[in-house]
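Novice: Residue numbers (this note's numbering): 81 to 385.
For every residue, glycine included, the Cβ atom is placed at its ideal position computed from N, Cα and C.
As the structure is a computational prediction, the values presented were derived from the model and not from experiment.
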Ligand SMILES: [Ca+2]
Ligand SMILES: [Ca+2]
Ligand SMILES: [Ca+2]
Ligand SMILES: [Ca+2]
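1. For ligand 3, any of its heavy atoms closer than 8 Å to the Cβ of residue 302?
2. Would you decide whether residue 286 is buried or exposed? Buried here means 16 or more other CB atoms lie within 10 Å of its CB.
3. Just to check my reading of the structure: residue 168 and residue 289 have Cβ atoms closer than 8 Å, yes? What is that Cβ distance to the nearest angstrom?
4. Using the beta-carbon count (16 or more within 10 Å), is residue 231 buried or exposed?
5. Reducing DSSP to helix, strand and coil, say where residue 306 ends up.
6. Counting only beta-carbon separations shorter than 9 Å, does residue 263 have a partner in chain B?
7. With 16 other CB atoms within 10 Å as the buried threshold, where does residue 216 fall?
8. Following the continuous beta strand (DSSP E) through residue 279, name the residue where it begins and the one where it ends.
9. Got a sec, what are the start and stop residues for the alpha helix (DSSP H) residue 222 sits in?
10. Following a CB-centred definition, is residue 295 positioned closer than 8 Å to any heavy atom of ligand 4?
11. So residue 201 is in the alpha helix (DSSP H); what residue range does that whole segment cover?
12. Could you tell me the distance, in whole angstroms, from the CA atom of residue 124 to the CA atom of residue 137?
13. Ends of the alpha helix (DSSP H) at residue 263?
14. Between residue 224 and residue 170, how many whole angstroms is the CB-CB distance? I'm expecting something under 8 Å.
15. Give me the Cα-Cα distance between residue 164 and residue 257, rounded to the nearest whole angstrom.
16. Would you identify the three-state DSSP class for residue 162, choosing helix, strand or coil?
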């Protein structure tokens, strides 16, 4: 009993994840720094107080038509949103100086596989229907629902992003949602013209909700056994993963349980070997299998599908 309580406390200390299953929220700290989030100037400061709450990313030097709270991938906020089954993205923003009545638009951007050429990049955009931003120093929360299944959801539009982008029918949500290279929350609406202004902006709590199915042994539940499998595939920071974990398709039995006569547990895959499903332990799609992937898997502990 005592041992269990100690273990639980250690886990809480080690992982500052939200209680909501599958949500990763960057609250910022000395350890995480700005975690790759910026407004594009390089003058961003990690403030230790005044956020929503505590630490936040602050930039008082912006000169822009519309500030952009941006994350350039690879990171947990980019990659293959279909694989990660992303269901929402959000951020908290504060304006202390700048143009009034600015809406917030989420842009999901792809470099189209040509990272050195930004003339062909395109994006999907959705303008939030809630509060507009004003220079009142008030933190406002913006959450955007993402639908990765099928066609692009109502209210979203595919828009050019690069300096000379010509959209083609192939530039679809189906492609984009698998190949997101930058996530950006902009204080402007696509298609509108704005005046150049000086800004003082803060960002806190960028967040993403995913439903990754960290079920590596195919028993349709995420248990400590799956965590152990992920651990055995972990790489050092930034090192590519060792290859996918191969499991049975969802729903197929993988284990022959002991019979009444024989209490020896025999573990043997059954079912069609042609139907083996590859599942990656790189749950955030950034190319390695590290503690972030472990954290994501832990958010699904105890869940069955
Ligand atoms: Ca914070
Ligand atoms: Ca490109
Ligand atoms: Ca499992
Ligand atoms: Ca990873």
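Specialist: By the coordinates alone:
1. yes
2. buried
3. 4 Å
4. Exposed, by the Cβ-count rule.
5. helix
6. Although the question refers to chain B, the structure presented lacks it and comprises just one protein chain.
7. exposed
8. 277-290
9. Secondary structure note for residue 222: it is in no alpha helix (DSSP H), and the uninterrupted beta strand (DSSP E) holding it is 220-225.
10. no
11. Premise fails: residue 201 is in no alpha helix (DSSP H) and is neither H nor E.
12. 6 Å
13. Here residue 263 belongs to no alpha helix (DSSP H); instead the beta strand (DSSP E) covers 262-266.
14. About 7 Å separates the CB atoms of residue 224 and residue 170; that is less than 8 Å, so the two are in contact.
15. 10 Å
16. helix
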